[in-house]
Structure formats: C-alpha cells, structure tokens
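Student: One structure, as structure tokens, below. Some questions next.
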C-alpha cells in the first residue's frame, strides 16, 4: 500500500459524535465543521469505542 492511498483512507473515514443538546449521532470527517446537523449545537462528544480497553491499575 502506498503512502498516498493510506492518507486518502484516513481522510475518508468518519468518526461518530453525539450532540450535547439533542443527542443526535453525527458522522464527521477531520475537516468538517464541528456542528450538529440537526440543531446546530457546537458541543459534540465522541462515541465510545466498542473495542476492549483494559487498564492496569495498581
């Protein structure tokens, strides 16, 4: 895989964010404006990952 093709796939992938006001799920890409598509609110929370996260606490 070339460096240009991996860069394109990173730019095309969208993350899911949840609006702080109306709780609507929005898919955003890195250069998209941070604004809810339903209500226009600007505070967004990243959706929790489904991947297992383990912390070693002592």
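Numbering (the working numbering), first residue to last: 1404 to 1461.
Here a beta-carbon is modelled for each residue, glycine too, at the ideal position from N, C-alpha and C.
(1) Going by DSSP, what residues sit across from residue 1428 in a beta bridge?
(2) Let me confirm a value: residue 1442 is counted as buried when at least 16 other C-beta atoms fall within 10 Å, else exposed. Which label applies?
(3) Based on Cα-Cα distance, which residue from 1425, 1460, 1439, 1434 lies nearest to residue 1416?
(4) What did DSSP end up calling residue 1449 once you bin it into helix, strand or coil?
(5) Give the straight-line distance between the Cα atoms of residue 1431 and residue 1424, rounded to the nearest whole angstrom.
Tutor: According to the structure shown:
(1) Beta-bridge analysis with DSSP links residue 1428 to 1421.
(2) It is exposed - the Cβ of residue 1442 has fewer than 16 other Cβ atoms within 10 Å.
(3) With distances taken between Cα atoms, residue 1416 lies closest to 1434.
(4) Of the three classes helix, strand and coil, the one that applies to residue 1449 here is strand, per DSSP.
(5) Rounded to whole angstroms, residue 1431 to residue 1424 spans 17 Å at the Cα level.
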